[in-house]
Amino acid sequence: MGNTGVSTGAHLHFEIRDCSYTRFWERDKASGKYIHALDPQAHILKNLLSITESFKIIKNKCRYDNSTMNFMLTHPWPQNFLDKAAKVML
Numbered sequence: 124m125g126n127t128g129v130s131t132g133a134h135l136h137f138e139i140r141d142c143s144y145t146r147f148w149e150r151d152k153a154s155g156k157y158i159h160a161l162d163p164q165a166h167i168l169k170n171l172l173s174i175t176e177s178f179k180i181i182k183n184k185c186r187y188d189n190s191t192m193n194f195m196l197t198h199p200w201p202q203n204f205l206d207k208a209a210k211v212m213l
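Counting from 124, one number per residue, gives the positions in the sequence shown under this note's numbering.
Structure (C-alpha cells):
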C-alpha cells in the first residue's frame, strides 16, 4: 500500500504472480511488463454466489462444524463478504 509512481493517492496494489520469488521481477524486454504477472479478472467469478452456496463452500473447505456454521448464519455478515470468502476457496 502506498503512493508511488504516477498515482494520485494512497492505494492498494494487488497482482498475482505465477513464479518463484527468484523470478518475480523478470520483465519482457519489449513491453517492460512483468512476465509472470497474471490478470486476476480471469480468476474472479462474475456472478454473485447465493448465501446458501457461499455457506456450503465455506463449510466444506474449512471443515467447520454445525455450531460454527450456526454462528455464521446468525452473524450479520454482508453477503458480498461471504461471497468473496467462498470464491477464494474455490
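Glycine residues also receive a C-beta, built at the ideal position from the N, C-alpha and C atoms.
Cutoff 7 Å; reference residue i; Cβ partners in own chain excluding five residues on either side
i, result
"ARG146", "HIS159"
"LYS184", "MET212"
Buried versus exposed call for residue i [16 or more other C-beta atoms within 10 Å across all chains shown]
i, result
"MET124", "Legend: pLDDT at MET124 = 49, less than 50; position of this residue unreliable, value from coordinates given subsequently. Counting Cβ neighbours within 10 Å, MET124 comes out exposed, since fewer than 16 surround it."
"ASP188", "exposed"
"ALA209", "buried"
"LEU213", "exposed"
"LEU172", "buried"
"SER130", "exposed"
Residue i in three-state terms, based on DSSP
i, result
"LEU161", "strand"
"VAL129", "coil"
"SER190", "helix"
"LEU196", "helix"
"SER177", "helix"
Residue(s) in a DSSP beta bridge with residue i
i, result
"ARG140", "ALA160"
"ARG150", "TYR157"
8 Å CB neighbourhood of residue i in its chain, flanking five on each side removed
i, result
"LEU161", "GLU138, ILE139, ARG140 and ASP141"
"SER177", "GLN202, LEU205, ASP206, ALA208 and ALA209"
Cutoff 6 Å; reference residue i; Cβ partners in own chain excluding five residues on either side
i, result
"MET192", "LYS182"
"PHE194", "none"
Cβ-Cβ separation, residue j to residue i (assumed contact under 8 Å), whole Å
i, j, result
"ARG150", "TYR157", "6 Å"
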